Amino acid sequence: MTKVRSSSVAGRHLGRTAGLIGAAVGLTAAGTAVGVAVTRSATTRVRANQLAGQAGDDGRAVADVPARELRQQDPLGIASRPADTTVLVAADDGVLLSVEEIGPLDAPLTVVFAHGYALSMASWTFQRRDLAARISSANGHRPTARLVFFDQRGHGGSGRGDAEHATIDQLAADLEAVLDVRAPRGPVVLVGHSMGGMTVLALAQRRPELFGTRVAGVALISTSSGNLADLDFGLPQLLTRLRAAVLPVAAWTMRRRPAFAEHTRRLARGIVSAVTWSLSFSSTDVDPALGRYVDAMIAGTPVDVIAEFYPAIAGMDARGAIEPLRRVPTLVLTGDADKMIPMEHSRQLVEELERTGHGTTDFVVVPGAGHLVLLEKPDQVTAALSELIREVAAAPSARRA
4 MTKVRSSSVA
14 GRHLGRTAGL
24 IGAAVGLTAA
34 GTAVGVAVTR
44 SATTRVRANQ
54 LAGQAGDDGR
64 AVADVPAREL
74 RQQDPLGIAS
84 RPADTTVLVA
94 ADDGVLLSVE
104 EIGPLDAPLT
114 VVFAHGYALS
124 MASWTFQRRD
134 LAARISSANG
144 HRPTARLVFF
154 DQRGHGGSGR
164 GDAEHATIDQ
174 LAADLEAVLD
184 VRAPRGPVVL
194 VGHSMGGMTV
204 LALAQRRPEL
214 FGTRVAGVAL
224 ISTSSGNLAD
234 LDFGLPQLLT
244 RLRAAVLPVA
254 AWTMRRRPAF
264 AEHTRRLARG
274 IVSAVTWSLS
284 FSSTDVDPAL
294 GRYVDAMIAG
304 TPVDVIAEFY
314 PAIAGMDARG
324 AIEPLRRVPT
334 LVLTGDADKM
344 IPMEHSRQLV
354 EELERTGHGT
364 TDFVVVPGAG
374 HLVLLEKPDQ
384 VTAALSELIR
394 EVAAAPSARR
404 A
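Written as structure tokens, this is what we have:
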């Protein structure tokens, strides 16, 4: 059953300039396809040698810089995301994944959040605050759920792996490791945004037997099951052709010459600034603090990490993941003005989920929202997630998991 609800970015001098602009367009394309655009002004505060893993001039560890800036830019305040538990989980190749949890270990339900491309767990800041208040704090009653947030490899506070492990299947293996270590028992709801949703779909392909047993519910926000390589991101046809022409060169540069690529995206910050806003948000009244917040997240994602994951995202084909998801309640949520992963991709997911199966599918379209709907229209996203969590928590099958 589908419940469709509208809750609804002269000579040598000229040649060099043209080359920088072309590279900027390419870097923007590589950095935004399926996730968000490359950074805006916050990039000026993150030096290329820092992103390459070296210490800053003052000797501080590089990882401390984006994290501190991100806390300062948080639209909810510098102390807005307290965690009850902070741990590191080792992936199957030894990469350490940063995990933060809210709620007691003995909560009857665990909700695990996977963030999008070039972002971090901080992208869930509004849902983290509001869901914690609603379902993971006692308030005189037993908490409904424990909330688990983690940074995907190469993003946020998590470690990096080898380039050959920059695949969606590896992200699914990482999610499985988080489940094994932090939620080894009891029912689980998986929530993914963009690349995080693809991570959930890839887990369904990798471990289909988990769905309907351990995994009792799924939320896919601004997500697609594939066919992403040909997206035009709402650009005119000429710019789409330009993006296709420069993207291979830009991706190679980001992987092989990350310092130069980082320098280029700093030089081109005025160009990519407008693209970032257009591709991330749709509303005209978005708080500028949200733009700075997104900047800080992306500034913490090295350009070579962005380049390494782009082919995996563009080549994603998760149609085989649909059957396992038909066994559980599934929320599909999108903004109706998403230029990164247009609403039609979510509609197709719903149609595939509805063909057969015993689970329920809730299709929520948020009007006036772009790809970062979880930041742009947080109340609608939190409300839809709360309803899914209540449905799963009330199901007898979830209580037996």
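First residue of the sequence shown: 4, per the working numbering; consecutive thereafter.
Built from N, CA and C at the ideal position, the CB exists for glycine as well.
Computed from a predicted structure; not experimentally measured.
Could you work out which residue in 334, 341 and 97 is closest to residue 281 when comparing CA atoms only?
Within the sequence shown, residue 281 is the residue found at index 278, counting from 1. Residue 341 is the option with its Cα nearest to residue 281.
Do residue 334 and residue 222 count as a contact pair if the criterion is CB distance below 8 Å?
As a first step, residue 222 is located in the sequence shown; it is residue number 219 there, counting from the start. As a first step, residue 334 is located in the sequence shown; it is residue number 331 there, counting from the start. Yes, the Cβ-Cβ distance between residue 222 and residue 334 is below 8 Å.
By how many angstroms is the C-alpha of residue 287 removed from the C-alpha of residue 370?
Mapped onto the sequence shown, residue 370 falls at position 367. Mapped onto the sequence shown, residue 287 falls at position 284. Those two C-alpha atoms are separated by around 13 Å.
Does DSSP put residue 344 in a helix, a strand or coil?
Position 341 of the sequence shown holds residue 344. Collapsing the DSSP output to three states places residue 344 in coil.
As a quick exercise: from 133, 159, 163 and 158, pick the residue whose alpha carbon is nearest that of residue 149.
As a first step, residue 149 must be located in the sequence shown, where it is residue number 146. That would be 133, whose Cα lies nearest to the Cα of residue 149.
May I have the straight-line CA-CA distance separating residue 291 from residue 378, to the nearest angstrom?
Sequence index remark: in the sequence shown, residue 291 carries index 288 (1-based). Sequence index remark: in the sequence shown, residue 378 carries index 375 (1-based). Taking the straight line from one Cα to the other gives about 12 Å.
Suppose only complete runs of 3+ residues qualify. What are the beta strand (DSSP E) ranges in the segment 198 to 229, listed by chain order?
218 to 224
Going by Cα to Cα distance, which pick from 216, 169 and 392 is closest to residue 317?
Along the sequence shown, one-based indexing puts residue 317 at 314. When each option's Cα is compared against that of residue 317, the closest is 169.
CA-to-CA distance, residue 90 to residue 103, given in whole angstroms:
Taking the first residue of the sequence shown as 1, we reach residue 103 at position 100. Taking the first residue of the sequence shown as 1, we reach residue 90 at position 87. Approximately 6 Å, taken between the alpha carbons.
With a cut-off of 8 Å on the beta carbons, I'd call residue 349 and residue 216 a contact; round off their distance for me.
Residue 349 sits at position 346 when you count from the first residue of the sequence shown. Residue 216 sits at position 213 when you count from the first residue of the sequence shown. Their Cβ separation, rounded to whole angstroms, is 26 Å, which puts residue 349 and residue 216 out of contact at 8 Å.
So, does the segment 297 to 306 touch the segment 181 to 200, judging by three or more C-beta pairs under 8 Å?
no
Roughly how many angstroms separate the alpha carbons of residue 33 and residue 310, rounded to a whole number?
The residue labelled residue 33 in the question sits at position 30 within the sequence shown. The residue labelled residue 310 in the question sits at position 307 within the sequence shown. Note that residue 33 has pLDDT 37, beneath the 50 cutoff, so the model's placement of it is unreliable and the number below is only indicative. Rounded to the nearest angstrom, the two C-alpha atoms are 6 Å apart.
Leaving out the 5 sequence neighbours to the left and right, which residues in its chain are closer than 7 Å to residue 113 when beta-carbon positions are compared?
The count along the sequence shown starts at 1 and reaches residue 113 at position 110. Taken in chain order, the residues that qualify are 148, 149, 151, 186, 189 and 191.
From the DSSP output, read off the bridge partner residues of residue 151.
Here residue 151 corresponds to residue number 148 of the sequence shown, with the count starting at 1. 104 and 115, per the DSSP bridge assignment.
Who pairs with residue 338 in a beta bridge, going by DSSP?
For the purposes of this step, residue 338 is taken as the residue at position 335 of the sequence shown. Beta-bridge pairing links residue 338 to 369.
With 16 other CB atoms within 10 Å as the buried threshold, where does residue 136 fall?
On the sequence shown, position 133 is the one that residue 136 refers to. Looking at its Cβ environment, which holds fewer than 16 other Cβ atoms inside 10 Å, residue 136 is exposed.
What span of residues does the beta strand (DSSP E) with residue 192 cover, start to end?
The residue given as residue 192 occupies position 189 in the sequence shown. That run of the beta strand (DSSP E) goes 191 to 196.
Got a sec, what are the start and stop residues for the beta strand (DSSP E) residue 91 sits in?
Stepping through the sequence shown from its first residue, residue 91 is reached at position 88. Its beta strand (DSSP E) spans residues 88 to 93.
Please classify residue 182 as buried or exposed, where buried requires at least 16 other C-beta atoms within 10 Å of its C-beta.
Mapped onto the sequence shown, residue 182 falls at position 179. It is buried - the Cβ of residue 182 has at least 16 other Cβ atoms within 10 Å.
Residue burial classification, residue 381 (beta-carbon count within 10 angstroms, cutoff 16)
By one-based count along the sequence shown, residue 381 stands at place 378. Classification for residue 381: buried.
Outcome for residue 85 when other beta-carbon atoms lying within 10 angstroms are tallied against a minimum of 16:
Looking up residue 85 in the sequence shown gives position 82. It is exposed - the Cβ of residue 85 has fewer than 16 other Cβ atoms within 10 Å.
With a threshold of 16 other CB atoms inside 10 Å of the CB of residue 155, please say whether the residue is buried or exposed.
Along the sequence shown, one-based indexing puts residue 155 at 152. Residue 155 should be labelled buried.
Which of the three DSSP states is assigned to residue 375 in this structure?
Position 372 of the sequence shown, counting from 1, holds the residue named residue 375. Here residue 375 sits in coil by DSSP.
Answer yes or no: does any C-beta atom of chain B fall closer than 8 Å to that of residue 364?
Absent from the structure: chain B. Only one protein chain is present.
Let me confirm a value: residue 315 is counted as buried when at least 16 other C-beta atoms fall within 10 Å, else exposed. Which label applies?
In the sequence shown, counting from the first residue as 1, residue 315 sits at position 312. When all chains shown are included, residue 315 counts as buried.
Where DSSP assigns a beta bridge to residue 320, which residues make up the other side?
Taking the sequence shown and counting its residues from 1, one reaches residue 320 at position 317. According to DSSP, residue 320 bridges with 229.
Ordered along the chain, which non-local residues of its own chain (more than five positions away) have a Cβ less than 6 Å from that of residue 116?
Locating residue 116 in the sequence shown gives position 113, counting from the first residue. Around residue 116: 127, 152 and 194.
Would you call the CB atoms of residue 299 and residue 76 closer than 8 Å?
By one-based count along the sequence shown, residue 299 stands at place 296. By one-based count along the sequence shown, residue 76 stands at place 73. Taking the C-beta atoms as reference points, residue 76 is found nearer than 8 Å to residue 299.
When the distance is taken between beta carbons, is residue 387 closer than 8 Å to residue 368?
Here the question's residue 368 lines up with position 365 in the sequence shown. Here the question's residue 387 lines up with position 384 in the sequence shown. Against a cut-off of 8 Å, the Cβ pair of residue 387 and residue 368 comes out as no contact.
So, at 8 Å on beta carbons, what are the nonlocal neighbours of residue 392 in its own chain, with the 5 sequence-adjacent residues on each side left out?
Along the sequence shown, read from residue 1 onward, the residue named residue 392 stands at position 389. Same-chain partners within the cutoff: 112, 114, 134, 138, 147, 148, 192 and 220.
Endpoints, alpha helix (DSSP H) assigned at residue 302:
Residue numbering aside, residue 302 sits at position 299 when the sequence shown is read from its first letter. Start and end: 291 to 302.
Would you identify the three-state DSSP class for residue 282, choosing helix, strand or coil?
Looking up residue 282 in the sequence shown gives position 279. The answer is helix: DSSP assigns residue 282 an H, G or I state.
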